[in-house]
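Reading the sequence shown from the start, the letters are residues -10 to 713 in my numbering.
C-beta atoms are modelled at their ideal positions from N, C-alpha and C, and glycine is treated no differently.
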Amino acid sequence: MELRQLIETLLRRKWVVIYIFGAVFLTIFIGTLVVTPSYDSTAKVLLRKSPASSSMLASIGLQGSSQSQAALGDTDRADYLALAAVSPVADQVIAELDLKRERTRSRLMKAVPGLKWVFGLLGVDVTATLEAMTAETLLDQSLLSVIFPRPYVALEQYEDTDIIHITAYSTDPDDAMRIANAMAKYFITEELKRVSEDYRGVKVFVDSNITKAKNEYLESLNVVKQFKEKEKSINLDTESTSLLQKISDLKKNVDDNRLSLVKVSSSIRNMESQLKSLQKYQKSSEQMKDNDMVVNLKITLRDLYLTLAETKSKYTSENPYVIDLENKIARNKELLEQEMVKVYGGETISIDPVYQDLIIKLAENYADQASYESQAKTLPKIIARYESEMMQLPGKVSAYSKLALDVTVTQDIYNSLLQSQYQVGMAESMALSNIYIVEDGKAPSRNDPKHKSPSLFLNTIIAVLLGSTFSIAAVFLIEYFDVTVKTSQDLKAFQHITFLGSVFKLKKKDSRTIDSANLKSPLRETFRSIRNSIKFVSLDKPIKSFVVTSATAGEGKTFFSSNIGISLALEGKKVLIIDGDLRRPALHKQFDQPNSKGLTNFLVGEATIEEIQVKTGVSGLSIMTTGPIPPDPAKLVESHKMQQLISDMKDIYDIVIIDAPPVLPASDAMVFGEGIVMIIESSRLSKAVLNDLFETIKKSKIDFYGVVLNKDKDYGSSYYAYYQ
């Protein structure tokens, strides 16, 4: 669509544009003025794992811990952002600040007079105006909260940094500040609890076994001391010493394996909890427990690790059997990872890869768990075999070896538990430095537009944009479904139909007839143009008469007949306008003449032809009104006397114009047998109806001079302004 056509369309539908634009603009503008303003305050939290802390953890043997990496990855950032918006954090904020919100019905009762009385009749409690907030409402902004503001919190990562913005909104600036700062505080508190849970399982295990290990170690020392005092001296050969060392190492491995199993089990629980806390993984976490493939792969890995442990006790690491088992374990690990990715949703992970690391780590932990569980079954069997060999040693040597072994094993276990206790304690204390509040929220000024919403300035711009968009869209939607003829271009699109011209839509103050004294009258110029078009329809044979009609009533045929007659008379022609609409005559009203005697009186022989010709105030123009409306108009129109009258009038006048009834209700216009000028009102009839009508006229073999578009808004907007 060309720019000119676009502008014309908008001008033609200007009231649609005005109404819709006004409705949208006023709704947003007034809504902005009446809505209670909301203020925001932002606390900024930095996520940073201290390099010093990471170094210390590595130095005490915890380099592989989940908390030891100094740099944060995408998974870590996503985890922190999700964990900041969980219910435990919000619940503590609500409890500390005693947050409440005004009930919706209370706001409605204030806004709508009489609603309180209606609620009272319905048994609704109208006295309780406030209700306690929930974590869900504090962490969620709904459309209703925009109309009726209440406290809520929004969290977002600041660009690509390790800073999280905790922004609180409230109708009170001080409340917004308090909520933001409380959210930051309890976010850190809950994060520290979560971090400590990584070590809680290990700590419980260590604390519950360390005293027992110490007592067993001291007891074994005492037994060896007593044995030495009794037996005086014992000599162990090389074979005995080697066997004793093997058993000691294996028993230490049993204890280390048990501790590792506790650690990896705790890590698995935490990872599963992390995934389950996220809404989109909840279903997948439940499916994981019931997935046959995952369960079978875990069992297979456990069996392979069991076989590997037994094989390694007999052969070296370079043995083909050992290498084959290790390859099978690697393949099963890959299958386990792939199956877990499927369960947790491959499409989701490909779109949001931030959690893929976590899922792969979980699969690795499952594999490690299978390894530790298999070793827990295998190691005691190997130890039993070596102990059986030790029993074959000579009496005193065998007894002493067993006692010395107990001392070594209990000492190793006790030392291992002491080291683990130290490591866990250090890790818990160093986790304090992972999260920092770098900027507290501040109470915004009530007049600060940056921290106040809704913004009148911004909403005014939005109202203008939305109003313009909706109104223009509505215009084009109406245009798309509107199949009526609206412009001259629509009429020109009909093939073999002559377009004679357009008559602009008159304003209420405008005269309905041409002012002969005003030479620059827009109406006069319009009909002069149409008059010339009618002349050029038939150059070989001058037009002596024509019928003016329309498709339906009220399209302006009488208005046109009157003014084209005046235009022709002003040119110096002798013109007669006959009101041929014997059903709904209107010509006499146009010229302010009585209709007591006219055409019907002449046709029934009650008046002479001279008596029914009425001169008008325009020189050279006469009219012939209908007179009384007959009971059978069609019979009079089709009569020979009517045809003879028209023929006689052609001899007297230069031009005879017949104002005929509309074509669709009656066929009188074609009965007159004269050339037809069709008046079409803009935006009245569909193109399909007009096309059928034009085809009907053509088939009647009557001359069809052309069509005139009446009430053309496009034509009038520019043409009328030119002559003002």
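query, result
"If you draw a straight line from the C-alpha of Asp568 to the C-alpha of Leu(-5), how long is it?", "41 Å"
"Buried or exposed: Gly609, going by 16 or more other Cβ atoms within 10 Å of its Cβ?", "buried"
"How would you call Thr156, buried or exposed, if buried means at least 16 neighbouring beta carbons within 10 angstroms?", "buried"
"Alpha helix (DSSP H) containing Phe459: first to last residue?", "Leu445 to Phe470"
"Only counting runs of 3 or more residues, tell me where the beta strand (DSSP E) segments fall wholly within the stretch 497 to 579, in order along the chain.", "534 to 539 and 564 to 568"
"So, with DSSP's three-state summary, where would you put Asp621?", "coil"
"Determine the burial state of Phe591: buried for a count of at least 16 other Cβ atoms within 10 Å of its Cβ, exposed for fewer.", "buried"
"Among Arg92, Leu445, Arg94 and Val34, which one has its Cα closest to the Cα of Leu70?", "Val34"
"Using the C-alpha atoms, what's the distance from Asp281 back to Gly109?", "58 Å"
"Along the chain, where does the beta strand (DSSP E) that runs through Leu592 open and close?", "Premise fails: Leu592 lies in the alpha helix (DSSP H), Leu588 to Leu592, not in any beta strand (DSSP E)."
"Have a look at Met98 and Lys105 and give me their C-alpha separation to the nearest angstrom.", "5 Å"
"So what does DSSP say about Thr605, is it helix, strand or coil?", "coil"
"Closest by CA to Ser534, which one among Lys441, Tyr642, Asn507 and Ala575?", "Tyr642"
"Leu286: buried (16+ other C-beta within 10 angstroms of its C-beta) or exposed?", "buried"
"Straight-line CA distance for Leu679 to Ser131?", "53 Å"
"For a quick check, are the C-beta atoms of Tyr294 and Gln364 less than 9 Å apart?", "yes"
"My output table needs one value for Phe137: the three-state DSSP class, helix, strand or coil.", "coil"
"Which two residues bound the contiguous alpha helix (DSSP H) that contains Lys630?", "His629 to Ile641"
"In angstroms, rounded to a whole number, what distance separates the CA positions of Ser209 and Thr150?", "57 Å"
"If you draw a straight line from the alpha carbon of Ser559 to that of Gln632, how long is it in whole angstroms?", "Note that residue 559 is Leu in the sequence shown, not Ser. For Leu559 and Gln632, the distance between alpha carbons rounds to 27 Å."
"Please tell me whether Ala575 and Asp499 are closer than 9 Å, where the distance is taken between their beta carbons.", "no"
"State the Cα-Cα distance for the pair Asp163 and Leu455, rounded to the nearest angstrom.", "34 Å"
"Please report the residue range of the beta strand (DSSP E) in which Ile598 lies.", "Careful: Ile598 lies outside any beta strand (DSSP E) and carries neither H nor E."
"Would you call the stretch 543 to 561 and the stretch 682 to 691 in contact, with 3 or more CB pairs under 8 Å?", "no"
"Beta carbon of Ala165, beta carbon of Tyr28: below 9 Å?", "yes"
"Within 10 Å of its beta-carbon, does Ser611 have 16 or more other beta-carbons around it, so buried, or fewer, so exposed?", "buried"
"Check the C-beta distance from Ile601 over to Lys586 and give it rounded, since I have them as a contact under 8 Å.", "6 Å"
"What residues are listed by DSSP as bridge partners for Asp701?", "Phe493"
"Quick test of your reading: Ile553 and Arg520, contact by CB under 8 Å. State the CB separation rounded to the nearest angstrom.", "6 Å"
"Using 9 Å as the threshold, is the C-beta distance between Met667 and Val696 below it?", "yes"
"Using only CA atoms, which one of Phe470, Tyr147, Arg92 and Phe176 lies nearest to Pro140?", "Arg92"
"Given a cut-off of 9 Å, decide if Lys700 and Gly545 are closer than it, judged by their beta-carbon atoms.", "yes"
"Tell me, to the nearest whole angstrom, how far the beta carbon of Asn448 is from that of Ile17; I am working on the premise that it is less than 8 Å.", "6 Å"
"According to DSSP, which residues form a beta bridge with Lys89?", "Ala121"
"Count the other CB atoms, across all protein chains shown, that sit within 10 Å of the CB of Phe137; report buried if there are 16 or more and exposed otherwise.", "buried"
"What residue range does the beta strand (DSSP E) around Ser477 cover?", "Note, Ser477: premise wrong, no beta strand (DSSP E); alpha helix (DSSP H) at Ser477 to Lys481."
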